[in-house]
Amino acid sequence: MPVNKMLIETYLKKLKMPQVAKTYESLAREAADNNLDYEEYLLCVLEQEVHQRENNRIQRGIRQAGFPVIKTIESFDFLAIPSLNKPRVLKL
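Right under this line is the structure:
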């Protein structure tokens, strides 16, 4: 393993940035293929980390809430309440 790669992964572990550790290489290839500059590449890497952290926070909150069953609007039975305006609810 190249020294730079080892250092990058060590630093990312110390900084607690696991999503960056998973994606920086593929994003670097993508950036090179699309002629992105350093700032655009860095933005993509950081966006991935932020999105993953937000998703983890939401999932952790749902787990900690201890809901017996996870329900989503997609699983709601609109036929059970015919007077409910489905398009209007989905628009909310």
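Quick note, the sequence shown lines up with residues 0 to 91 if you use numbering that gives the first Met the number 0. A virtual CB, placed ideally from N, CA and C, is assigned to each residue, including glycine. This structure is a prediction, so every number in the text was calculated from the model and none was measured.
Sequence-distant residues of its chain with Cβ nearer than 6 Å to residue i (five each side left out)
i      : result
Gln-51 : Gln-18
Residue i versus residue j: straight-line alpha-carbon distance, rounded
i      : j      : result
Met-94 : Ile-80 : The structure shown does not extend to residue 94, since the chain is modelled only from 0 through 91, so no value can be given for it.
Near the ligand GDP: residue i beta-carbon under 7 Å from a heavy atom
i      : result
Ala-64 : Absence of the ligand GDP is noted for the structure shown, with no ligands found whatsoever.
Element boundaries [alpha helix (DSSP H), containing residue i]
i      : result
Ala-31 : 17 to 32
Pro-81 : Run containing Pro-81: none; DSSP gives neither H nor E here.
Met-5  : 2 to 13
Sequence-distant residues of the same chain with beta carbon closer than 8 Å to residue i, five excluded per side
i      : result
Ser-82 : none
Inspect the CB distances between the stretch 40 to 50 and the stretch 17 to 32 and report whether three or more fall short of 8 Å. Segments in contact, yes.
Curious, which full-length beta strand (DSSP E) runs of at least 3 residues does the stretch 31 to 55 contain? none
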